[in-house]
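Protein chains in written order, with the working numbering: chain Y, 29 to 272; chain C, 952 to 1199. All C-beta atoms in this analysis are idealised placements derived from N, C-alpha and C, irrespective of residue type, glycine included.
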Amino acid sequence: MQDQNQQAYDRGLTIFSPDGRLYQVEYAREAIKRGTASIGVRTADGVVIAADRQVRSPLVEEQSIEKLHRIDDHIAVASAGHVADARQLVDFAREQAQVNRLRYDEPIDVESLAKEITDYIQRHTQSGGVRPFGAALAIGGVDPDGTPRLFETDPSGTPYEWKATTIGGNREELMGFLEAEYHEEMDLDGGVTLALETLAQSDDDIDPEAVEVSVIDTETMTVRSLESDEIAAHLAEFGGDDDE
Amino acid sequence: MTMSRFTDPLTGEDAVGDPTAPELGTGAFGNGGDGADQARARDDETVNKTGTTTIGISTDDGVIVATDRRASLGGRFVSNKSVQKVEQIHPTGVLTLVGSVGGAQSFIRTLRSEADLYEARKGEPMSIHALATLAGNFARGGPFFAINPILGGVDEEGSHVYSIDPAGGVMEDEYTVTGSGMQLAYGTIEGEYDPEMSLDEARELAIRAIAAATERDTGSGNGVYVSTVTDEGVEIEGFEDTDEAHAQ
């Protein structure tokens, strides 16, 4: 499975391998790939995040599988990877958003929040006795000045800003699709359709009940979850609904 | 403070942060406790105080913040005749020193470094409202002693004047006065202030109000410092005599 040489360097987190790699961080990225994808799309008039709930059994309450999380009025995140790890990052983000309000009496901007989270993640790659977070977040929101922003966090603690991105499984294929289909003049509705169409690349039959979509538009600057009939209408636009 | 449930694995400290504590230099501002009480008692007896009259007046074109220049011991002995009691703490913001000189000076240094850090991280200066909120949090959370400064500044939303009281109260107004000469200065400004007035007219009014306080308040005197804050920046001038200031 892995050679002797590698095994010597992937036991302790804080140890570099001779060729400069941090194996535990790379394994955390592998953990993220094992889950379903979440999508983020930024348009001129808002940001979309979307995720497919992985429903393993008809007996599971679908609503209990949460992959999108509201952080503050104007910011929401989509998670991928270990759900339990993601939940810690989500609550950390919520507290940071409130600290900004307590400290300055103003909503936090999306970039500052993303960097607070990635700094926290980074500290878990440089400390003894902890392991990295096996989760990635796509952070979507509208800055206090009205600018839509979309960031991604990685287990190394590096923040990336995107026009559109996917986190989680099947990334190469989905990124290829987004790169081909994304265009900057897209409106928010078009962004929702593109996000769903991207999800449909992995899963041909999308059940509107099993998909979560949240939007933050530049007008209201408020997170809104789409109802399943709205999602169904978007699915119908590209024939991604169940009945096809 | 109560820690959040998130700890920094590198330092073992709270990873979320205390919104009422300065980010740097927290050691000097432990909340309450014996040290703070002793410091306050010490303050009351022998520590230099500004007595002071400080004034902030807001106009459409900017803000005038003016102060006298006297430091005193117990309001009976003039311990310094040329204190600059208004300092720049932000690209377009100033704060006055009112109360214990040591407390006010450390308050100013702390706010200045916080404003610099904020701007370095976010790529744009803090709003004056955010700066006033932060100042109120610090006044409430740590023993900066009896201070009662005025914050004047200009941001994207326009001109602002705030008073910050020792318990952390933050109040915005069109004009405000703090310090031992405040009733005399208010007497001058009341009825004269006009929201439409020019920056020059506000400057004249502020200097007249400092002159009035200088005449009758033993804690205020020895000339005037005048700062002019516009969206382009801060200018601070000192005058040994309030009459000289008028001539400018």
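Which residue wins for smallest C-alpha separation from residue i, given the options the options?
{"i": "C:Tyr1113", "options": "C:Gly1130, C:Asp1145, C:His1080 and C:Gly1092", "result": "C:His1080"}
{"i": "Y:Leu262", "options": "Y:Gln229, Y:Gly196, Y:Thr175 and Y:Ala223", "result": "Going by the sequence as given, residue 262 of chain Y is His instead of Leu. Of Y:Gln229, Y:Gly196, Y:Thr175 and Y:Ala223, the residue nearest in Cα terms is Y:Ala223."}
{"i": "C:Glu1107", "options": "C:Ser1178, C:Thr1004 and C:Gly1184", "result": "C:Gly1184"}
{"i": "Y:Glu255", "options": "Y:Glu247, Y:Ala238 and Y:Glu265", "result": "Y:Ala238"}
{"i": "C:Ile1158", "options": "C:Arg1167, C:Ser1171, C:Val1175 and C:Thr1169", "result": "C:Val1175"}
{"i": "Y:Thr186", "options": "Y:Asp147, Y:Arg199, Y:Pro236 and Y:Leu96", "result": "Y:Asp147"}
{"i": "Y:Asp245", "options": "Y:Gln124, Y:Phe44, Y:Gln126 and Y:Thr175", "result": "Y:Thr175"}
{"i": "Y:Arg151", "options": "C:Val1037, C:Ala1196, C:Gly963 and C:Ile1098", "result": "C:Gly963"}
{"i": "Y:Phe205", "options": "Y:Thr153, Y:Glu212, Y:Thr226 and Y:Leu130", "result": "Y:Thr226"}
{"i": "C:Ile1161", "options": "C:Val1016, C:Val1045 and C:Leu1102", "result": "C:Val1016"}
{"i": "C:Thr971", "options": "Y:Ala108, Y:Trp190, Y:Leu130 and Y:Ser253", "result": "Y:Leu130"}
{"i": "Y:Ala56", "options": "Y:Val111, Y:Thr221 and Y:Asp119", "result": "Y:Val111"}
{"i": "C:Ala1022", "options": "C:Ser1051, C:Ile1006 and C:Ser1009", "result": "C:Ser1051"}
{"i": "C:Asp1124", "options": "C:Gly1130, C:Ser1131 and C:Gly1104", "result": "C:Gly1104"}
{"i": "Y:Val251", "options": "Y:Ile103, Y:Gly63 and Y:Ala114", "result": "Y:Ile103"}
Could you confirm whether any beta carbon from chain C is found closer than 8 Å to the beta carbon of residue i?
{"i": "Y:Tyr188", "result": "no"}
{"i": "Y:Pro46", "result": "no"}
{"i": "Y:Val105", "result": "no"}
{"i": "Y:His152", "result": "yes"}
{"i": "Y:Gln229", "result": "no"}
{"i": "Y:Glu123", "result": "yes"}
{"i": "Y:Leu130", "result": "yes"}
{"i": "Y:Phe266", "result": "no"}
{"i": "Y:Asp133", "result": "yes"}
{"i": "Y:Ser184", "result": "no"}
{"i": "Y:Glu272", "result": "Legend: pLDDT at Y:Glu272 = 43, less than 50; position of this residue unreliable, no value from coordinates given."}
{"i": "Y:Val127", "result": "yes"}
{"i": "Y:Asp137", "result": "yes"}
{"i": "Y:Phe120", "result": "yes"}
Would a check of beta-carbon distances place residue i closer than 8 Å to chain Y?
{"i": "C:Gly983", "result": "Annotation note: pLDDT 45 at C:Gly983 (below 50); position unreliable, coordinate value reported separately. No, its Cβ sits nowhere closer than 8 Å to a Cβ of chain Y."}
{"i": "C:Thr1179", "result": "no"}
{"i": "C:His1080", "result": "yes"}
{"i": "C:Glu1191", "result": "no"}
{"i": "C:Phe957", "result": "yes"}
{"i": "C:Leu1085", "result": "yes"}
{"i": "C:Val1037", "result": "no"}
{"i": "C:Asn1088", "result": "yes"}
{"i": "C:Pro970", "result": "yes"}
{"i": "C:Ala1118", "result": "no"}
{"i": "C:Phe980", "result": "Note on C:Phe980: pLDDT 47, under 50, position unreliable in the model; the coordinate value appears next. Cβ-Cβ to chain Y under 8 Å: no for C:Phe980."}
{"i": "C:Arg1021", "result": "no"}
{"i": "C:Arg1091", "result": "no"}
{"i": "C:Arg1072", "result": "yes"}
{"i": "C:Ala966", "result": "yes"}
Which two residues bound the contiguous beta strand (DSSP E) that contains residue i?
{"i": "C:Asn1173", "result": "Segment: none, C:Asn1173 is in no beta strand (DSSP E) and carries neither H nor E."}
{"i": "C:Tyr1113", "result": "Gly1109 to Ile1115"}
{"i": "C:Thr1010", "result": "Thr1005 to Thr1010"}
{"i": "C:Asp1106", "result": "Ile1101 to Asp1106"}
What is the residue span of the alpha helix (DSSP H) that residue i lies within?
{"i": "C:Tyr1137", "result": "Met1133 to Ile1140"}
{"i": "Y:Val220", "result": "Leu216 to Ser230"}
{"i": "C:Ala1071", "result": "Val1052 to Lys1073"}
{"i": "C:Leu1024", "result": "No alpha helix (DSSP H) holds C:Leu1024; the beta strand (DSSP E) holding it covers Ala1022 to Leu1024."}
{"i": "Y:Asp147", "result": "Val138 to Arg151"}
{"i": "C:Asp1145", "result": "Counting along the chain, C:Asp1145 falls outside any alpha helix (DSSP H), and DSSP gives it neither H nor E."}
{"i": "C:Asp965", "result": "That residue, C:Asp965, is in no alpha helix (DSSP H); it is neither H nor E in DSSP."}
{"i": "C:Leu1156", "result": "Leu1150 to Arg1167"}
{"i": "Y:Thr175", "result": "Counting along the chain, Y:Thr175 falls outside any alpha helix (DSSP H), and DSSP gives it neither H nor E."}
Since residue i meets chain B, which of its residues come closer than 7 Å, beta carbon to beta carbon?
{"i": "C:Pro960", "result": "Going by chain labels, chain B is absent from the structure shown, which instead holds the protein chains Y and C."}
Mind pulling the alpha helix (DSSP H) runs of 4 or more residues that sit fully within the region 79-132 of chain Y? 111-132
Between the region 967-976 of chain C and the region 1063-1073 of chain C, do three or more beta carbon pairs fall short of 8 Å? yes
Please give the ranges of any alpha helix (DSSP H) in the region 37-74 of chain Y, keeping only runs that are unbroken, at least 4 residues long and fully inside the region. 51-61
At a cut of 8 Å, does the region 1139-1156 of chain C reach the region 1022-1035 of chain C through at least three beta carbon pairs? no
Assess contact between the region 133-146 of chain Y and the region 84-91 of chain Y, defined as three or more Cβ pairs (one per stretch) separated by less than 8 Å. Is contact present? no
If contact is defined by three or more beta carbon pairs under 8 Å, each pair taking one atom from either stretch, is the region 207-221 of chain Y in contact with the region 45-62 of chain Y? no
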